[in-house]
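In UniProt numbering, the protein residues as written are 1 to 459. Note that beta-carbon positions come from the ideal geometry of N, C-alpha and C, so glycine has one too. None of the values given here were measured: they were computed from a predicted structure. Here is the structure we will look at.
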């Protein structure tokens, strides 16, 4: 009877997971979907305690309470600028948990049959790669690991290490009782593979990498759910894996870079900075008063946020400025590139936090045709996603990447902390165009000054 109750509960939980994910497809219902999925996970956890002959209940409760407390505290205190690395490390925890499940099952000798053993090994391999890769992504985003680390003959090392790890996994599958040394070596190499694959990847590719590692974690959890005979884990893992894979493909398309290129020929600042045609012209500086005047008397302003806005925490100031302009009769909208920021949907999250209505936020396909009709395009801390060389310079590392057509606006104002290249190290030809002006300074400070001047113009 208990098993019937547990299986029925898992089925209900799986349905709520899917409904929650569906709700997350729209900004209007995303929060509701996250809450649904969260309650479903709590329900699945509670139901598991009704499993007959369940052992180590005390340790399980201790783990849930301590882990939940840490997660609650970190979720409440994390800064919005630190959200990408938090997503990366939490994603890695999921992969690590799946790998740990497989390791425990191998150590106990309870993985029987070629199908179960194969899925256990696949889950362990993918989960280990997701865990160590996510840890590297966290270190890069947190600034702990400041430079991309690339080994000599990096791709050959990747392929060789993957092949050896796969062979060890095959040995575990065909062995009736794999030795502890074999299991340990397999996990060590799998963890090393994730770290070595992710280390050379620079900031320009990081949103795609985070999405890919998320897909890996989902698949690993799904495989280990099959090993444990747990339908809730199977459904949750496969749903996350499938959605993560689709998101990764969409983001790779948005960068016009195949996923294989992200892994085997990543963009790094050092490599990117030395390629591309020489850019002619000079950067022309604007004052906050000039920027305020141009935007106050414009008919339409398109704001393009980037990571610089996130670093400065300027999203509230930006929305305050937009509201002032709208009160003066200016049409203001926001344009979001799919890979702006350091994680999928980063800019959307920041603007939603500031209270920007969803109907004022447009993605690349929806807004690009409007730039030629815009009087002003205001770029706040964005770089590659507005770089016109992506359309013209075949020698550039970002050639072919779909960009926001900012350069086609009548006037372009770029808020930037300094004259250096962006996070990816690629020089931006937009900054040297005749219709572009640079407003130097932190986005928080620069937009604050613009707000004061707009108010003065209204008086």
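N- and C-terminal bounds of the beta strand (DSSP E) containing residue i
i	result
residue 332	331-336
residue 138	Where residue 138 is concerned, there is no enclosing beta strand (DSSP E), although the alpha helix (DSSP H) it sits in stretches over 114-142.
residue 305	300-305
residue 433	Note, residue 433: premise wrong, no beta strand (DSSP E); not H, not E.
Bounding residues of the alpha helix (DSSP H) (the contiguous stretch that carries residue i)
i	result
residue 361	Not the alpha helix (DSSP H): residue 361 falls in the beta strand (DSSP E), residues 361-363.
residue 54	No alpha helix (DSSP H) holds residue 54; DSSP gives it neither H nor E.
residue 32	30-48
residue 465	Residue 465 lies beyond the stretch modelled for the chain, which goes from 1 to 459, so this question has no answer here.
residue 455	443-458
residue 342	Looking at the DSSP string, residue 342 is not in any alpha helix (DSSP H), and its letter there is neither H nor E.
residue 174	154-174
residue 290	288-296
Cβ neighbours of residue i in the same chain (closer than 7 angstroms, five flanking residues each side left out)
i	result
residue 198	133, 136, 137 and 209
residue 247	211 and 344
residue 215	241, 244, 245 and 248
residue 328	296 and 458
residue 279	427, 429 and 432
residue 355	319
residue 32	23
residue 94	217 and 221
residue 28	358
residue 438	283, 284, 285, 286, 414, 416 and 431
residue 25	none
As assigned by DSSP and simplified to three states, the class of residue i
i	result
residue 13	helix
residue 263	helix
residue 356	coil
residue 102	helix
residue 24	coil
residue 438	strand
residue 377	strand
residue 227	helix
residue 326	helix
residue 110	coil
residue 8	helix
residue 273	Low confidence applies here, because residue 273 scores a pLDDT of 46, under 50, leaving its location unreliable and the question unanswered by this model.
Integer Cβ distance of residue i from residue j, believed to fall under 8 angstroms
i	j	result
residue 309	residue 364	No, residue 309 and residue 364 are not in contact; Cβ-Cβ is about 17 angstroms, not under 8 angstroms.
residue 296	residue 61	Residue 296 to residue 61, Cβ: 60 angstroms. No contact.
residue 398	residue 384	6 angstroms
residue 403	residue 386	6 angstroms
residue 220	residue 130	6 angstroms
residue 378	residue 413	5 angstroms
residue 84	residue 346	6 angstroms
residue 375	residue 411	6 angstroms
residue 338	residue 250	7 angstroms
residue 291	residue 450	5 angstroms
residue 313	residue 81	6 angstroms
residue 443	residue 341	Contact flag wrong, Cβ pair sits at about 13 angstroms.
residue 5	residue 50	7 angstroms
Cutoff 6 angstroms; reference residue i; Cβ partners in own chain excluding five residues on either side
i	result
residue 10	231 and 232
residue 408	371 and 372
residue 43	13
residue 326	332
residue 126	216, 219 and 220
residue 256	400 and 401
Contact with chain C by residue i, beta-carbon distance below 7 angstroms
i	result
residue 146	Here there is only one protein chain, and chain C is not present.
Other residues of its chain near residue i: CB distance less than 8 angstroms, five sequence neighbours each side excluded
i	result
residue 281	432, 433 and 434
residue 239	17, 18, 21 and 218
residue 359	none
residue 91	130, 134, 210, 213, 214 and 217
residue 293	453 and 457
residue 254	337, 338, 339, 364, 401 and 402
residue 158	193, 196, 197, 263 and 264
residue 348	27, 336 and 361
residue 128	95, 96, 99, 187, 190, 191, 193 and 194
TODO: Within the region 388-418, note down every full beta strand (DSSP E) run reaching 3 residues or more, in order along the chain.
DONE: Runs of the beta strand (DSSP E) inside the region 388-418: 411-416.
TODO: Jot down the residue ranges of each uninterrupted alpha helix (DSSP H) in the region 69-97, minimum 4 residues, whole runs only, in chain order.
DONE: Segments of the alpha helix (DSSP H) lying fully in the region 69-97: there are none.
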